[in-house]
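> Take the sequence shown: its position 7, counted from the start at 1, is 216 in the numbering used here, and no numbers get skipped. Cβ atoms here follow ideal geometry from the backbone N, Cα and C, with glycine treated the same way. It should be emphasised that the depicted structure is a prediction, and the values quoted were computed from it without experimental measurement.
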Amino acid sequence: DLRGISVAAVSAYDDDLRDGNDASTIRSNTITNLKSEAAKLIAGVDVQGVSTGVDLENNYVNLDRTAFDSPDDKWIGLRLRESASGIAVKQNNNFVQGVVIESESQQRQLLPDYHPRPAGDSEWPNNGCPFGH
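1. Look at valine 213 and leucine 243 and say whether their C-beta atoms are less than 8 Å apart.
2. For glutamate 311, name the three-state secondary structure that DSSP assigns.
3. With a threshold of 16 other CB atoms inside 10 Å of the CB of glycine 307, please say whether the residue is buried or exposed.
4. Measuring alpha carbon to alpha carbon, tell me which of Val259, Gly253 and Ser245 ends up nearest valine 219.
5. Grouping DSSP H, G and I as helix and E and B as strand, with all else coil, what is asparagine 303?
6. Using the three-state DSSP reduction, which class does serine 215 fall into: helix, strand or coil?
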């Protein structure tokens, strides 16, 4: 998988302000010509896991589909998880390849056996994110 901006388990500084001024911000980014000949998923912005308190504003994502290899490849402007909360996607964003909200059943739950686990077998049971529980 290839991601232009990838964040996992982010949260606002103050639980009471997660949806307000103290939310984490992904702002004023331009992502174009992002391509890979090997990736099966190419996402401009990927907010992973049970992330909370993220504002997305004034971002432009237009991925380069000229690297399209397979009809199975996924091209996504913004990918969010259903388990994320307090995510505010402002109208001034332009995700040309669209926005996808993945349900938990669509997410890979376990790393493949060959994937390295630096702290043992149970360190990363949810697709490499130790905060994905």
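According to the data block:
1. Reading the sequence as shown, one finds glycine at residue 213 and not valine. For glycine 213 and leucine 243, yes; Cβs fall inside 8 Å.
2. Glutamate 311: strand per DSSP, three-state reduction.
3. That one is exposed.
4. Val259
5. strand
6. The answer is strand: DSSP assigns serine 215 an E or B state.
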